[in-house]
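Visitor: The sequence shown runs 0 to 310 under numbering that gives the first Met the number 0. Glycine included, every Cβ here is placed at the ideal spot set by N, Cα and C. Only a predicted model underlies this, so the values are computations on that prediction, with no experimental measurement involved.
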Amino acid sequence: MKQALVIGITGGFGGHVAAALLEDGWKVRALMRDPARLPPWHRGVEAVRGDAREIGDVRRAAAGAEVIVYGVNIPYPRWRREALPLLEPTARVAEEQGLTVVFPGNVYNFDPREGPDFTEAAPFRPVSRKGAIRLALEERLRRATANGARVVLIRAGDFIGAHAGSTWMNVLAKRTDSGYRLLRPGPAGLVHTWANLPDVGRTVVRLLRRRDRLPVFAPFHFAGYRVTFDEMVDAMGTAGGRPVRVWPFPWWAVTLLAPFIPFLRELREMRYLWRQEVNLDESRLRETLAGEVPHTPLPEALVAAGVVARD
C-alpha cells in the first residue's frame, strides 16, 4: 500500500491533502506533538507523536513512506525565525530516503506589477519580507532535489475550505441574523484568486500518481477561482439564499494598531495583494493531467466550506 507522512495535518492544506490521499487508498501517517489533537474527520490516519523540528522524529515517522506532505503553517510573526528551521528536517529526511515532498506554494514570490498572469516560468521578485521567506523555502527544496529528493509544489491562491483555520475567507465572511456580511479589503471590481482546498487535495493526488514521470522539482500552478468581490457576493447569495451585505475592510484600524500588534504589522505588509491582480496560469497543470483538474463550482465550495449554509 502507498504510504504518506503528513506534517501539519491540523492545517487546511495538510488536512485536505490527507483526506484526498485516504480516499485514494493511501496509508496516511501524521506527525503530531499531541496525537490526541488528530481531527475527528481524519478517521483512518495513524497519528504518531513527534516534533517536526526534530530530525529523528521526522525520520522515524517517515519510515516506509514514499511521500511527505508538508503542511506546516505558522503565524506570520514567527516566519522570519522559524520557517526555514522547521522545513530543514523534512528536507534532510527526503534527501536521505529519496522521498517526494509535497509543498504548498503561494503568490508571494511574484511582483504583481509584472502580471497579472503568471506561469511557472515567471521570475520570482518578491516585494515583501514574507515573499522572500517563501522564496527561500522553495530554494531549499530545490537544493534537496540535487541530493535525492523529489518535490511536487502546487501554487494556489487564498484557501477556501472547512477545517482550514486562519484563512482570509474565514476573516472576511460571517453569518449574521439577516444574512451574511462580507468585508471587502480591495476594490469591488478587482479580480482575486481563491483555491478550494478539496480540489487542491485531489489535484495533489493526481499529480502523485504520475510523480515518477515528473521532473524532480515539479512546480504547478492551480488557477482556482478568479473572481471579483462583486462576483463573490453573487456566489454567496446564490449558495446561501440570503442577502449579503458588504463592508469595507478596516485597514485604517490595522494601520493604527500595527505598531503595537505584530500580527497586524505583518498583515498590513500583504495589503498589496488586495490592490493588484495576481492570476495563476494552470496550462502546465492541465497538460500534465490531460485536462482533468478538479474544479467544484464556487457556490458549492462555499457551502462545503461552511462559509454559507443552505437553509
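Does the Cβ of Leu255 have 16 or more other Cβ atoms within 10 Å, making it buried, or fewer, making it exposed?
Guide: Classification of Leu255: exposed, given that the 10 Å Cβ count is below 16.
Visitor: I'd like to know if the segment 167-179 and the segment 229-245 are in contact, where contact means that at least 3 CB-CB pairs between them fall below 8 angstroms.
Guide: yes
Visitor: Three-state secondary structure (DSSP) at Ala311?
Guide: The structure shown has nothing for residue 311, since the chain only spans 0 to 310.
Visitor: Helix, strand or coil: which one does DSSP assign to Ala60?
Guide: helix
Visitor: Within the same chain, show all residues whose beta-carbon is closer than 6 angstroms to that of Gly70, passing over the 5 residues directly before and after it, in chain order.
Guide: Gly7, Gly10, Phe12, Gly13
Visitor: Considering only the alpha carbon of each residue, which of Leu136, Leu263, Glu291, Arg42 lies closest to Leu86?
Guide: Leu136
Visitor: Just curious, the alpha helix (DSSP H) that Phe259 is in, first and last residue?
Guide: Taken as a continuous stretch (DSSP letters only), Phe259 belongs to no alpha helix (DSSP H), as it is neither H nor E.
Visitor: Compare the C-alpha of Asn278 against each of Ala161, Arg264, Asp157 and name the closest.
Guide: Asp157
Visitor: In this structure, how does DSSP classify Glu113 when only helix, strand and coil are distinguished?
Guide: Residue state for Glu113 is assigned as helix, using DSSP reduced to three classes.
Visitor: Among Trp193, Ala19, Val101, Leu134, which has the Cα closest to the Cα of Trp167?
Guide: Trp193
Visitor: Do Ala143 and Ala60 count as a contact pair if the criterion is CB distance below 7 angstroms?
Guide: no
Visitor: Considering only their Cβ atoms, is the gap separating Arg133 from Asn169 smaller than 7 angstroms?
Guide: no
Visitor: Just to confirm before moving on: does the CB-CB distance between Ala46 and Leu37 stay below 7 angstroms?
Guide: Cβ distance < 7 angstroms, so Ala46 and Leu37 count as in contact.
Visitor: I think Asn195 touches Gly236, with their Cβ atoms under 8 angstroms apart; what is that distance to the nearest whole Å?
Guide: Actually they are not in contact, since the Cβ atoms of Asn195 and Gly236 sit about 18 angstroms apart, beyond 8 angstroms.
Visitor: Sorted by chain position, which residues of the same chain lie with C-beta nearer than 8 angstroms to Leu83's C-beta, five sequence neighbours on each side aside?
Guide: Close CB contacts of Leu83 within its chain, under the 8 angstroms cut and outside five residues either way in sequence, are with Ile132, Ala135, Leu136, Arg139 (chain order).
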